[in-house]
Amino acid sequence: MEYRKLAKLSSEINVEKEVSQRPHPRYVELYLEEILSLTQLGEEYTEFMVSKIKGLSSVDPVLVPRATKAFKSGAFSKVVQDITGFYVILEGFFMVENVRKAIGIDEQVPDSLTTSMVDDVFYVLQSCLRRSMSTSNISSVIAVLSCASSLLSNEYQKLCKSWAAFVFKSLGQKLHQL
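Its first residue numbered 466, the sequence shown is counted upward by one per residue in our numbering.
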């Protein structure tokens, strides 16, 4: 983990900085894809090792649960947990930054009842949630889902309410002129 400097990147994300000083979401996405591969391989390796431990015939059957528990709480599992923690931080940052970008580039779509923001925001949230499910780690999924829910109920909801108020006010003025 030192090689990839995940701790440094995570701390840069957690510190309030100007937009120009924060890591670019595309740069973070590269880390997310790599971490996703690592967590998937880690999960497969854990399942493989647990099956090997359970399949040992030379070990007393009473010791198998203890050996399985020891492996699952060992150094490998702790590293996987650390990587998963970094994943959640990076995914949350990626989600927030891309939703803000979708809000910033919002435009009216011809022959549509919604703006581009609606489609863009839900695309970002859907792709982040799908990626979290691909980690095969329920804690990651819950954390990313919580972040998405928070994002929708805070920033996005406020924006939609102000946009709706503006639209209804404009519509009311136009109807009043008739």
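Every residue, glycine too, gets a C-beta built ideally from N, C-alpha and C.
The structure displayed is predicted, hence computed values, not measured ones.
Quick one: Cα of residue i to Cα of residue j, how far?
i      : j      : result
Leu501 : Gln573 : 35 Å
Trp628 : Asp576 : 18 Å
Thr623 : Ile568 : One detail in the question is off: residue 623 reads as Lys in this sequence, not Thr. Rounded to whole angstroms, Lys623 to Ile568 spans 12 Å at the Cα level.
Arg491 : Val545 : 23 Å
Pro488 : Leu578 : 34 Å
Asp571 : Glu494 : 22 Å
Gln591 : Val527 : 45 Å
Lys470 : Gln486 : 17 Å
Phe633 : Gln642 : 14 Å
Ile478 : Lys566 : 16 Å
Lys626 : Met582 : 14 Å
Ala630 : Gly637 : 10 Å
Val594 : Val609 : Correcting the residue type first, residue 594 is Leu in the shown sequence and not Val. Those two C-alpha atoms are separated by around 7 Å.
Ala540 : Ser614 : 33 Å
Ser538 : Cys612 : 27 Å
Ser475 : Ser635 : 44 Å
Pro530 : Lys473 : 38 Å
Ser522 : Ile603 : 32 Å
Phe513 : Gly520 : 10 Å
Might you give, ordered along the chain, the residues of its own chain that have their beta carbon closer than 7 Å to the beta carbon of residue i, omitting 5 neighbours on each side?
i      : result
Val561 : Leu616
Ser605 : Thr549, Tyr552, Val553 and Ser597
Val480 : none
Val586 : Val564, Ala567 and Tyr621
So for residue i, helix, strand or coil by DSSP?
i      : result
Thr580 : strand
Quick check on the DSSP output: the alpha helix (DSSP H) that includes residue i runs from which residue to which?
i      : result
Pro530 : Val529 to Lys537
Asp547 : Ala540 to Gly569
Ser614 : Ile603 to Leu616
Lys473 : Leu471 to Asn479
Thr504 : Pro490 to Lys519
For residue i, which residues of its own chain have a beta-carbon under 6 Å away from its beta-carbon, when the five flanking residues on both sides are left out?
i      : result
Thr533 : Val515 and Ile518
Thr580 : Asp571 and Gln573
Counting only the same chain and skipping the five closest in sequence on each side, list residues whose C-beta sits under 8 Å from that of residue i.
i      : result
Leu497 : Tyr552, Leu555, Glu556, Phe559 and Arg596
Ser601 : Thr504, Gln505 and Glu508
Ser542 : Thr511 and Phe536
Ser599 : Leu501 and Gln505
Assuming the contact rule is C-beta atoms closer than 8 Å, residue i and residue j should be a hit. Round their C-beta distance to whole Å, please.
i      : j      : result
Val589 : Asn563 : 4 Å
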